[in-house]
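Visitor: Supplied in structure tokens, the structure appears directly below.
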Amino acid sequence: MISYTWDKLFKNHWQSWLSGWLKRRIPAKKTHKLKHDNIFIVPSKTGLYFCVLVFFLWLLGTNYENNLILGIAFLLLSLVVVCIHHTYAHLSGLSISVVNTHAGFVGDTGVIDLVIKRENNRNYEAIELQSTDDEKVTFSLLDEDTYKISLRVPLKHRGWYTPERLKISTRFPLGLVVAWSYLYIDSKILSYPKPVESSVLPTQQLLDENEEGVSHESMNGSDEFAGIREYVAGDSLRDIDWRAMARGQGLATRIYEDHVSEHQWLDWQQFDGLTREARLSRLCFCILQQADNPDSNTVYGLRLPSKTFPPANGEEHKEQLLEALALFEWEFAGAK
């Protein structure tokens, strides 16, 4: 048990030191260009076994003074040296840029859109791009100069989430050595609260055209034509079907149905007794539930302690409310 604890402490200390050193050596950027100062080359597992074989061949040839075995050992060693140059050249000259990020929910994944471009006429094969969470993508640049890729990143806390380092590497051509580089991306992903189902229902109210934040014009288009009936004294002249009268069909009145919209309030105070994160998670669930409501006449608003968002609907409104939840006191949500 004690040995396991010391191993864990040593591993954490080593990872912390390595991460700090890499950040100083390769600082965070939106565009990384791979060259000699940020590419590292080490033997692969296969390469280590290969070097051990070369060593035993050299030892055997030296012991028995066999020039043929020595020649084979030196030939294989020269192959390793040549592979070092080719593998380095197969990664050098690439640039990796962040073009966009896509929000997600805590416990799920966000997405980083990357563009990888070659700045020369060299062909690039079997390039691996891998996040620290072991999602790996392999690609090649042969007939095209750029490659677009979307990499999923697990979101571990609410608010602005900074992705951990990405690893780009290649073992081309023989797999004896691996050239790699760690890239820190100067970009952030918006992380929404994790939705948690709630039994608390939003409060419902009829939409008042005089209510603050709701314009009168938004109500004018709610009347729909429902049919025609005979004219009755007192009907508005605006509703008379003048075309029917011009055709000699007598006075008739157009009938309209007024579809009065309802709006719902998602209120922070509805979840008394819960922690901040628990409230945000349940509000997030309610927003998604209202956004997926097939009744397009229903609009909804959000009341937070620091801000109130008037009732509306649509994709833009949903994203605005989710962003408000994601950034609500997010500096206390474990943000890095």
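Numbering (this note's numbering), first residue to last: 929 to 1264.
Note that beta-carbon positions come from the ideal geometry of N, C-alpha and C, so glycine has one too.
#1: Could you spell out where the alpha helix (DSSP H) holding Gln1218 opens and where it closes?
#2: Does Ser1059 come out as helix, strand or coil in the three-state DSSP assignment?
#3: Over the uninterrupted alpha helix (DSSP H) stretch that includes Phe983, give me the two end residues.
#4: Out of Arg952, Gln1197, Glu1243 and Leu1253, state which residue places its alpha-carbon closest to the alpha-carbon of Pro1121.
#5: Specify the secondary structure class of Val970 as computed by DSSP and reduced to three states.
#6: Go ahead and label Val1160 buried or exposed: buried means 16 or more other beta carbons lie within 10 angstroms of its beta carbon, across all protein chains shown.
#7: Write down the C-beta distance between Ile1183 and Ile1156 rounded to the nearest angstrom, noting that I regard them as a contact closer than 8 Å.
#8: Along the chain, where does the beta strand (DSSP E) that runs through Gly1087 open and close?
#9: Mind checking who Arg1157 pairs with in its DSSP beta bridge?
#10: Can you say whether Trp922 is buried or exposed, counting buried as having 16 or more other CB atoms within 10 angstroms of its CB?
#11: Short of 6 Å in beta carbon distance, which residues of its chain neighbour Ala950, apart from the five on each side in sequence? Order them along the chain.
#12: Report the partner residues of Val1227 according to the DSSP bridge assignment.
#13: From the DSSP output, in three-state form, read off Asp1167 for me.
#14: One question on the structure: do Glu1053 and Phe984 come within less than 7 Å of each other, judged by their Cβ atoms?
#15: With a CB to CB cut of under 6 Å and the five nearest residues on each side skipped, what residues in its chain are close to Ala1107?
#16: My assumption, with CB atoms under 8 Å, is that Ser1059 sits in contact with Thr959. Please give the rounded CB distance.
#17: Using the rule of at least 16 other Cβ atoms within 10 Å of the residue's Cβ for burial, across every protein chain shown, is Ala1174 buried or exposed?
#18: Check for me: the alpha helix (DSSP H) holding His1245 runs from which residue to which?
#19: Buried or exposed: which applies to Gln1192, given that a residue is buried once 16 or more other Cβ atoms fall within 10 Å of its Cβ?
#20: What are the boundary residues of the beta strand (DSSP E) that includes Leu925?
#21: Mind checking Gly1178: buried by the 16 CB within 10 Å criterion, or exposed?
#22: Can you tell me whether Tyr1228 is buried or exposed, with buried defined as 16 or more other CB within 10 angstroms of its CB?
#23: Please classify Gly1149 as buried or exposed, where buried requires at least 16 other C-beta atoms within 10 Å of its C-beta.
#24: Starting from Asn1048 and walking both ways along the alpha helix (DSSP H), at which residues does that stretch end?
#25: Near Phe1199, what residues of its chain come up, given a Cβ to Cβ distance below 8 Å and the 5 sequence neighbours on each side ignored?
#26: Return the first residue and the last residue of the beta strand (DSSP E) that Phe1199 is part of.
Guide: From the atom records:
#1: Arg1204 to Ala1219
#2: strand
#3: Lys973 to Tyr992
#4: Leu1253
#5: strand
#6: exposed
#7: 7 Å
#8: Gly1087 to Tyr1089
#9: Thr1181
#10: Coverage of the chain is limited to positions 929 through 1264, which leaves residue 922 absent and any answer about it impossible.
#11: Before going on, a small fix: residue 950 reads as Leu here, not Ala. Here the set comprises Tyr1110.
#12: His1191
#13: helix
#14: no
#15: Ile967, Ile969, Thr1015, Tyr1016, Leu1019 and Thr1098
#16: Contact flag wrong, Cβ pair sits at about 18 Å.
#17: exposed
#18: Glu1243 to Ala1254
#19: buried
#20: Residue 925 is absent from the structure shown; the chain starts at 929 and stops at 1264.
#21: exposed
#22: buried
#23: Caution applies to Gly1149, whose pLDDT of 40 falls short of 50 and renders its modelled position unreliable; the model cannot decide the point.
#24: Premise fails: Asn1048 is in no alpha helix (DSSP H) and is neither H nor E.
#25: Ser1126, Val1128, Ala1206, Arg1207, Arg1210 and Leu1211
#26: First-last for Phe1199: undefined, no H or E at that position.
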